[in-house]
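In our numbering, the protein residues as written are 13 to 207.
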């Protein structure tokens, strides 16, 4: 349905995430993946959704001069926010363990921002989901890290993986948002842009 409405537009997804690619396919959208390197650095005073909003816009900047009239560029960023701190992608197993240890037995927020950029307009939206983890044993944390290598994921985990299946006690908000794309918000925004 949405694909038919957008048939005169060219959707460009600037993300290497296989999960985001799968979501776009599941939404029935025709899209092209384009990647350009961006140094993901943000001002230290930013908090929560301000960080993901800023980074999703930053990722769009390197494409703006190349956009044509009917292009819609989509960039995104996910932040895990816990105790007034952003938990980014871990550099190694030790960092992954430390992050997961702090999340163990507590609530945290997963915030995903999506920036929609055209040749003459830009709109950024975000969604916030609250996730409560059970208290993990060290053996469980190391099992997950050693078997699933979550080094490409904010907060050191993927909710769709083993740790999410055994560890999520409660969730408030949208599940797909925790996986890296608030699909209902993307659908709604694209419908609005197409109308």
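Ideal Cβ placement from N, Cα and C applies to all residues, glycine included.
Original post:
Taking buried to mean at least 16 other C-beta atoms within 10 Å of its own C-beta, is residue 118 buried or exposed?
Top reply: exposed
Subject >> Per DSSP, cross-strand counterpart(s) of residue 70 >> reply: In the DSSP output, where bridge partners are listed per residue, residue 70 has none listed.
Subject >> Rounded Cβ spacing between residue 68 and residue 143 (contact assumed at less than 8 Å) >> reply: By a beta-carbon distance limit of 8 Å, residue 68 does not contact residue 143. Their separation comes to about 20 Å.
**OP:** Locate the beta strand (DSSP E) running through residue 128, then write down its first and last residues.
**Re:** In the DSSP assignment, residue 128 falls within the beta strand (DSSP E) that extends over 119–129.
**OP:** Would you kindly work out how many angstroms separate the C-alpha atoms of residue 61 and residue 136, rounded to a whole number?
**Re:** 11 Å
**OP:** Can you give me the start and stop residues for the alpha helix (DSSP H) that residue 16 sits inside?
**Re:** 14–17
Subject >> Limits of the unbroken beta strand (DSSP E) element including residue 110 >> reply: Segment 105–115 is the alpha helix (DSSP H) holding residue 110; no beta strand (DSSP E) there.
Original post:
For residue 89, which option in 59, 138, 120 has the closest C-alpha, if you only look at C-alpha atoms?
Top reply: 138
**OP:** Specify whether the segment 81–100 and the segment 162–182 touch according to this definition: at least 3 beta carbon pairs, one from each stretch, less than 8 Å apart.
**Re:** The count of Cβ pairs closer than 8 Å, one atom from the segment 81–100 and one from the segment 162–182, reaches three, so the stretches are in contact.
Subject >> Whole-angstrom distance between residue 107 and residue 182, CA atom to CA atom >> reply: 25 Å
**OP:** May I ask which residues mark the beginning and end of the alpha helix (DSSP H) holding residue 153?
**Re:** 150–160
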